[in-house]
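Taken in sequence, the protein lines are chains C and X. Number 31 in our numbering belongs to position 32 of the first sequence; there are no gaps in the numbering. Number 196 in our numbering belongs to position 189 of the second sequence; there are no gaps in the numbering. Virtual Cβ for every residue (Gly too), placed ideally from N, Cα, C. What follows is a short report on a single structure.
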Amino acid sequence: MIAFDECSILHMYKFKVPEAYVKIYGEEITFKNHKQLTILMGKIKKPYRFVPGLGNNVHKAIFELIGGQTSMMANVFAKEIKNGLQDFLKGLKEWEEISRNKDCEDVQTIFEDNKQPLKKEPKIPEKEDCEIIAGYRDYEGTNKILISEDEHFWGYKRLI
Amino acid sequence: MLAKNEAISLVLFLGKGTINSTVTLQKSVARLLSYLIPLEYEFKLNKYGSDCKEIRDMSSTEWYDLEPYTWKGGTGRKYQITEKGRQLAEEVLQYKVTKLLTVEETELMKEEIEDVASMSADEASKDEHEKLLVDKEDRHKLIYRINNVHIELLDLHEPIKNTEPKTLEEIDLYALIEYAYYLSKFIKEIRFKGIEQTGYDFEADMRDYYYIEYLETKLIPEIKLSLKNPDEKKLSKLYSKLKAFGDEGYKFSLKNPELMKLIQ
Chain C
0 MIAFDECSIL
10 HMYKFKVPEA
20 YVKIYGEEIT
30 FKNHKQLTIL
40 MGKIKKPYRF
50 VPGLGNNVHK
60 AIFELIGGQT
70 SMMANVFAKE
80 IKNGLQDFLK
90 GLKEWEEISR
100 NKDCEDVQTI
110 FEDNKQPLKK
120 EPKIPEKEDC
130 EIIAGYRDYE
140 GTNKILISED
150 EHFWGYKRLI
Chain X
8 MLAKNEAISL
18 VLFLGKGTIN
28 STVTLQKSVA
38 RLLSYLIPLE
48 YEFKLNKYGS
58 DCKEIRDMSS
68 TEWYDLEPYT
78 WKGGTGRKYQ
88 ITEKGRQLAE
98 EVLQYKVTKL
108 LTVEETELMK
118 EEIEDVASMS
128 ADEASKDEHE
138 KLLVDKEDRH
148 KLIYRINNVH
158 IELLDLHEPI
168 KNTEPKTLEE
178 IDLYALIEYA
188 YYLSKFIKEI
198 RFKGIEQTGY
208 DFEADMRDYY
218 YIEYLETKLI
228 PEIKLSLKNP
238 DEKKLSKLYS
248 KLKAFGDEGY
258 KFSLKNPELM
268 KLIQ
């Protein structure tokens with residue numbers, strides 16, 4: 000059973016650049032790990048995702064994709080990416096959904112009691128991350144794998 | 008985009024079922040462009056204002072009837088909606104108009120079309136001329152409008168120019184301001200460049216007039232209201248509409264590979 004966090008799903012998106020911006024950005028823009036995620040998706044029959052999604056993941060993904068490059072009408076460009084990402088998420092009909100579990104204090108406590116020296120602040124997974132762990136823990140299934148590039152999950156992978 | 012039968016049915020429906028002249032019908036349909044509703048009909052400019060040959064030449068259909076009449080020695084045409092036209096108009100309102108317009112815009116549009124549809128040909132023509140400022144005598148008003156719109160949008164654009172939006176709502180708001188600002192710049196510096204010297208513009212792309220009127224009377228007030236409390240859904244709708252109106256053949260479009268050169 001393979002579940003993806005929202006950031007990983009968003010990284011599967013390929014943005015077709017509007018003609019007005021092609022001379023600046025090229026015809027398409029993808030995330031750094033887009034290719035690897037696409038290859039992985041090709042091998043999975045039934046992928047899982049966590050719901051509901053979070054707006055700040057989309058926000059983060061937009062500016063990650065732009066990558067610090069500037070142009071005229073930069074805000075319009077960001078809006079076009081936003082539209083594309085949101086349409087992409089709406090189009091994920093074949094994915095099974097796992098509800099995030101808001102009742103995750105027990106998960107938060109485990110991380111607090113086992114703090115690791117991460118580079119990223121805060122040093123323990125945030126509440127939204129704990130909701131994913133709690134939701135996945137409670138979901139029926141075996142051999143559960145979580146795909147994420149969030150340091151909060153990587154830093155605590157043995158504990159998870 | 009509203010198809011031809013949809014546009015005619017809609018204005019007849021909003022005009023209480025009947026419109027008594029071809030000119031009034033044309034002006035009523037053209038009024039949809041004031042809300043940036045894209046139409047299958049193409050409007051040009053004649054001495055009476057926006058003109059569409061296809062509407063002038065149309066015949067009765069399953070959605071509306073034409074009845075010629077004589078009046079004061081001349082002939083006129085009366086347009087009457089059919090039951091099928093009513094049903095079509097209701098569907099257009101429910102499924103197409105609500106996607107294009109905000110709730111407030113929809114109510115304004117209905118009132119405005121009802122008003123125009125009840126006017127005589129002369130009244131409707133005069134009303135439109137005053138609204139769009141197409142006459143040579145109104146050039147100074149048009150120039151004032153263009154300059155005013157551009158400066159208002161410049162003032163809105165300046166604070167956000169080099170600021171990264173922090174939320175999804177801000178992305179929509181900033182994009183709307185930015186698109187509108189550069190559109191106004193394009194209309195001012197390219198489309199209407201030297202307009203003080205030109206005659207009545209029979210070759211006009213009517214979208215220039217409708218865009219600048221929309222920016223002044225509808226969009227800028229809406230943006231100002233949104234500054235304190237941006238509504239993502241509403242802003243997204245306004246942005247999509249602003250963009251879509253220029254999608255077919257208008258130079259200010261994200262589909263134009265030379266757009267960045269045009270706006271520098």
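When we look at the beta-carbon of residue i and count the other beta-carbons within 10 Å, is it buried (16 or more) or exposed?
i	result
Lys81 (chain C)	buried
Asp129 (chain X)	exposed
Glu125 (chain C)	exposed
Tyr42 (chain X)	buried
Glu95 (chain C)	exposed
Thr109 (chain X)	buried
Trp70 (chain X)	buried
Leu232 (chain X)	exposed
Val99 (chain X)	buried
Asp128 (chain C)	buried
Asp254 (chain X)	exposed
Leu222 (chain X)	buried
Leu149 (chain X)	buried
Ile43 (chain C)	exposed
Glu176 (chain X)	buried
Tyr151 (chain X)	exposed
Pro172 (chain X)	buried
Glu5 (chain C)	buried
Lys143 (chain X)	exposed
Pro237 (chain X)	buried
Ile15 (chain X)	buried
Give me the Cβ distance between residue i and residue j, rounded to the nearest whole Å; I'm assuming they're in contact under 8 angstroms.
i	j	result
Leu84 (chain C)	Gly52 (chain C)	About 10 angstroms separates the two Cβ atoms, so there is no contact after all.
Ala19 (chain C)	Arg48 (chain C)	33 angstroms between Cβ atoms; not a contact.
Ile123 (chain C)	Leu158 (chain C)	At roughly 10 angstroms, the Cβ-Cβ gap does not stay under 8 angstroms, so Ile123 (chain C) and Leu158 (chain C) are not in contact.
Leu249 (chain X)	Tyr186 (chain X)	6 angstroms
Pro75 (chain X)	Ala251 (chain X)	With a Cβ gap of about 37 angstroms, Pro75 (chain X) and Ala251 (chain X) do not count as contacting.
Val123 (chain X)	Ile219 (chain X)	Actually they do not touch by this definition, with Cβ atoms about 19 angstroms apart.
Lys87 (chain X)	Gly24 (chain X)	Note that residue 87 (chain X) corresponds to Gln in the displayed sequence, not to Lys. Going by Cβ atoms, the distance from Gln87 (chain X) to Gly24 (chain X) rounds to 7 angstroms, so yes, they are a contact pair.
Gln115 (chain C)	Gly154 (chain C)	5 angstroms
Leu40 (chain X)	Asp208 (chain X)	Contact doesn't hold; Cβ gap of about 16 angstroms is too wide.
His33 (chain C)	Lys15 (chain C)	At roughly 13 angstroms, the Cβ-Cβ gap does not stay under 8 angstroms, so His33 (chain C) and Lys15 (chain C) are not in contact.
Val50 (chain C)	Ser98 (chain C)	6 angstroms
Leu226 (chain X)	Lys103 (chain X)	Contact flag wrong, Cβ pair sits at about 20 angstroms.
State yes or no: is the C-beta of residue i within less than 7 angstroms of the C-beta of residue j?
i	j	result
Asn27 (chain X)	Lys85 (chain X)	yes
Leu242 (chain X)	Asp162 (chain X)	no
Ile270 (chain X)	Phe199 (chain X)	no
Lys11 (chain X)	Tyr48 (chain X)	yes
Tyr246 (chain X)	Leu183 (chain X)	yes
Leu36 (chain C)	His10 (chain C)	yes
Tyr55 (chain X)	Asn74 (chain C)	no
Ser57 (chain X)	Met267 (chain X)	no
Glu139 (chain C)	Lys101 (chain C)	no
Met0 (chain C)	Asn142 (chain C)	yes
Arg63 (chain X)	Thr31 (chain X)	no
Glu135 (chain X)	Lys240 (chain X)	no
Ala160 (chain C)	Cys103 (chain C)	No answer is possible for residue 160 (chain C): the residues shown for chain C start at 0 and end at 159.
Glu148 (chain C)	Lys119 (chain C)	no
Ile202 (chain X)	Asp215 (chain X)	no
Ser191 (chain X)	Leu160 (chain X)	yes
Ile144 (chain C)	Ser70 (chain C)	no
Val18 (chain X)	Ile158 (chain X)	no
Leu107 (chain X)	Pro17 (chain C)	no
Ala326 (chain X)	Phe50 (chain X)	The structure shown does not extend to residue 326 (chain X), since chain X is modelled only from 8 through 271, so no value can be given for it.
Leu64 (chain C)	Ile38 (chain C)	no
Quickly, what does DSSP pair residue i with across the bridge? List them, please.
i	result
Asp29 (chain C)	First, the residue type needs correcting, since residue 29 (chain C) is Thr and not Asp in the sequence shown. Answer by DSSP bridge pairing, in chain order: C:Lys13.
Asp58 (chain X)	X:Lys51
Ala14 (chain X)	Bridge partners of Ala14 (chain X): none, in fact.
Phe3 (chain C)	C:Arg48 and C:Ile146
Glu96 (chain C)	C:Arg48
Leu46 (chain X)	X:Leu9
Ile8 (chain C)	Its beta-bridge partners do not exist; DSSP assigns none.
Ile159 (chain C)	DSSP output for Ile159 (chain C) lists no bridge partner at all.
Ile26 (chain X)	X:Tyr86
For a contact meaning CB atoms closer than 9 angstroms, what does residue i contact in chain A?
i	result
Val21 (chain C)	Absent from the structure is chain A; the protein chains it does hold are C and X.
Does the Cβ of residue i lie closer than 6 angstroms to at least one heavy atom of the ligand ATP?
i	result
Glu27 (chain C)	As far as ligands go, the structure on display features none, and thus does not contain the ligand ATP.
Exercise for review: At 3 residues or longer, and completely inside the segment 70–120 of chain X: list those beta strand (DSSP E) runs for me, N to C.
Suggested key: Complete beta strand (DSSP E) runs here, min 3: 71–78 and 81–88.
Review point. In chain order, which alpha helix (DSSP H) runs of at least 4 residues are fully inside the segment 17–85 of chain C?
Key: 21–24, 33–41 and 54–65
Practice item. Starting from the N-terminal side, write out each stretch of the alpha helix (DSSP H) that is 4 residues or longer and does not extend beyond the segment 152–228 of chain X. Key: 175–193 and 213–221
Check your understanding: What residue ranges within the segment 102–136 of chain C form continuous alpha helix (DSSP H) runs of no fewer than 4 residues, ordered along the chain?
Key -> 104–112
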